[in-house]
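Have a look at the structure below, then the notes.
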Amino acid sequence: MFTGTVIITIITFLLLFLSIRERVRLTRYREKDWDVIGEGKSSPLSRALTSLVGTAGGIYLSVILLITFLEFQIPERIDIGVVRIEPIAAISIILAILQPFILRVIESRKRL
114 MFTGTVIITI ITFLLLFLSI RERVRLTRYR EKDWDVIGEG KSSPLSRALT SLVGTAGGIY
174 LSVILLITFL EFQIPERIDI GVVRIEPIAA ISIILAILQP FILRVIESRK RL
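Right, here's the structure in full:
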């Protein structure tokens, strides 16, 4: 049971790292050269984390509104090994982690 929790934790951190790295790449691709203006700017890592948390928060709020509107009955918490999490929050963060990879697939299909 402890081994399963460790494996899930390692996979989660790996996916989180890959998602942040992809967000940094996307941010650099879209970024303008603000050094000419002379304003201070945040690091690519902080922008990627802000984007990840903002995306997860938006997904969370949208799913909560949908579930409330449709009056679904979802458990407050679920147990995965020794970890107890809120299912909607877990789904939101998973979708936010996967979002840059999904965007990459969509962009590559548009080029074809």
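According to the numbering used here, the sequence shown is numbered sequentially starting from 114.
Here a beta-carbon is modelled for each residue, glycine too, at the ideal position from N, C-alpha and C.
Taking Ala-209 as reference, the option from Thr-168, Ile-201, Ile-219, Ile-124 with the minimal CA-CA separation is Thr-168. Residue burial is scored here from C-beta neighbours: Arg-136 has at least 16 other C-beta atoms within 10 angstroms and is therefore classed as buried.
Counting of Cβ neighbours within 10 angstroms places Pro-213 among the buried residues, the total reaching 16 or more. Using a Cβ-Cβ distance cut-off of 8 Å, the stretch 173-183 and the stretch 197-206 are in contact, since at least three pairs of beta carbons, one from each stretch, lie closer than that value.
By the criterion of a C-beta distance shorter than 7 Å, Leu-162 is surrounded in its chain by Ile-133, once the five residues flanking it on both sides are discounted.
Contact check for Ile-187 against Ile-180 passes: the beta carbons are separated by less than 8 Å. Around the beta carbon of Leu-165, 16 or more other beta carbons sit within 10 angstroms, so the residue counts as buried.
For Arg-160, the CB contacts under 7 Å within the same chain, skipping 5 residues up- and downstream, are Thr-140 in chain order. Cβ neighbours of Thr-125 within its own chain (closer than 8 Å, five residues either side excluded): none.
According to the DSSP secondary-structure assignment, Val-196 is paired through a beta bridge with Ile-193.
In the three-state reduction of the DSSP assignment, Gln-212 falls in the helix class.
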